[in-house]
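So for the sequence shown, the UniProt record's numbering puts the first residue at 1; every next one is plus one. Cβ atoms here follow ideal geometry from the backbone N, Cα and C, with glycine treated the same way. Each remark here refers to the structure printed beneath this line.
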Amino acid sequence: MTWITQFTTFDPQIQVALPKSNEVKQTSFNQVGPRYFETLQTNLLAGREFTDEDTDESRCIVNDLASKKIFNAAPSDALGQRVRVSFYNQINTECVVVGVVQSAKYADIHAPKSAILFLPITSVSIRYGGNTSNMVFLIRGEHEKEAEAAYLDVLAHIAPETGYSRFLPMQRQLNDALGKERLLSYMTMLFSGVALLLCGAATLSLLLMRVKLSIPEIAIRVALGATPLHAAGMVLREMVALIVIGTAVGGVSLRGVEYLSTYYLHFGKPIAMSDLLGAAGLLVAITLCAGGIPAIRAATLHPMKALCRDS
1 MTWITQFTTF DPQIQVALPK SNEVKQTSFN QVGPRYFETL QTNLLAGREF
51 TDEDTDESRC IVNDLASKKI FNAAPSDALG QRVRVSFYNQ INTECVVVGV
101 VQSAKYADIH APKSAILFLP ITSVSIRYGG NTSNMVFLIR GEHEKEAEAA
151 YLDVLAHIAP ETGYSRFLPM QRQLNDALGK ERLLSYMTML FSGVALLLCG
201 AATLSLLLMR VKLSIPEIAI RVALGATPLH AAGMVLREMV ALIVIGTAVG
251 GVSLRGVEYL STYYLHFGKP IAMSDLLGAA GLLVAITLCA GGIPAIRAAT
301 LHPMKALCRD S
């Protein structure tokens with residue numbers, strides 16, 4: 001059970017201070033029930049979770065960022081530390097840290113990880129439904145419908161007159177929070193594919209035109225005794241220079257694209273090397289086919305035939 005669910009952008013702040021200090025700090029906070037972190041698969045770094053015996057606000061749990069912010073201590077050193085907490089006129093107490101959990105994205109997936117202090121759900125919380133008349137059950141199961149049916153069965157036995165809202169899968173809530181970024185990602189992939197096709201078509205046209213304009217020079221070189229490969233070397237050297245320059249410019253631009261995708265689209269992993277090599281390989285193949293094959297073929301023709309065909 002929890003007061004605040006993740007990725008809802010609701011981020012209440014609580015005032016915290018050490019018992020013998022006048023320095024007051026603010027940190028995010030939430031009220032949660034037993035096995036909350038186990039349900040969300042949040043790593044417990046030190047101590048324990050809340051249990052059914054934690055029925056008041058004399059105990060609390062912090063994440064590792066809050067441990068550093070409040071106590072300037074490692075997770076294991078924060079255990080047993082006491083902290084004064086105050087939330088308007090609703091919470092004003094002193095609690096002891098019984099657990100430290102790993103930091104994670106919480107209220108807003110677009111914001112960096114923040115320091116959070118967790119208080120147990122009390123009888124007052126259950127009676128009034130948390131600090132904003134809202135309490136949420138979190139259920140982990142393999143199938144959404146089976147988990148919801150199990151909850152409704154228990155609710156019918158315990159409180160048959162209690163209303164309920166339909167369950168919202170956490171994955172769906174995450175997808176909703178990333179809706180704009182996913183749309184931007186799909187549009188980026190679409191336009192990237194179009195740009196790759198246009199780049200390939202432009203490269204093909206450019207090299208075919210360059211080979212056509214170079215046919216007279218290739219024919220003259222062959223007539224003067226040059227080998228076909230040596231005669232076509234002029235076009236081949238231009239192709240190599242084009243590939244090298246394009247690869248260098250593309251590599252530099254890739255760093256900017258990787259930064260933007262990580263910052264705006266929240267991709268945790270860099271651009272896949274297989275995709276990069278595939279795009280580069282396609283452009284290299286187009287370059288070789290468009291420039292190398294026609295140039296070598298023109299160099300193997302009889303000089304007079306090449307000149308007549310060009311005219």
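Item to check | Close-in-space but distant-in-sequence residues of the same chain around residue 274 (CB under 7 Å, 5 per side omitted) | outcome: none
Next on the checklist: According to DSSP, simplified to helix, strand and coil, what is residue 2?
Outcome noted: strand
Next on the checklist: Quick check on the DSSP output: what are the complete alpha helix (DSSP H) runs of length 4 or more inside the stretch 42-96, in order along the chain?
Outcome noted: 75-78
Checklist entry - Is the beta carbon of residue 43 sitting closer than 8 Å to the one on residue 4? => result no
Checklist entry - With 16 other CB atoms within 10 Å as the buried threshold, where does residue 290 fall? => result buried
Next on the checklist: Could you tell me the alpha carbon to alpha carbon distance between residue 1 and residue 246, rounded to whole angstroms?
Outcome noted: 56 Å
Next on the checklist: Under 8 Å, with one C-beta from each stretch per pair, do the stretch 9-23 and the stretch 75-83 reach the 3-pair mark?
Outcome noted: yes
Next on the checklist: Using a Cβ-Cβ cutoff of less than 7 Å, which residues in the same chain neighbour residue 10 once the five nearest sequence positions on both sides are dropped?
Outcome noted: 4, 107
Next on the checklist: By DSSP's criteria, residue 27 is part of a beta bridge. Which residues make up the other side?
Outcome noted: 14
Checklist entry - Going by other Cβ atoms of all chains shown within 10 Å of its Cβ, with 16 needed for buried, is residue 88 buried or exposed? => result exposed
Checklist entry - By DSSP, does residue 109 sit in helix, in strand, or in coil? => result coil
Checklist entry - Helix, strand or coil: which one does DSSP assign to residue 120? => result strand
Item to check | Cβ-Cβ distance between residue 72 and residue 115 below 8 Å | outcome: no
Checklist entry - Between the stretch 159-178 and the stretch 243-257, do three or more beta carbon pairs fall short of 8 Å? => result no
Item to check | Burial state of residue 293 (16 or more Cβ within 10 Å) | outcome: exposed
Item to check | Through-space distance from residue 239 to residue 288, alpha-carbon basis | outcome: 8 Å
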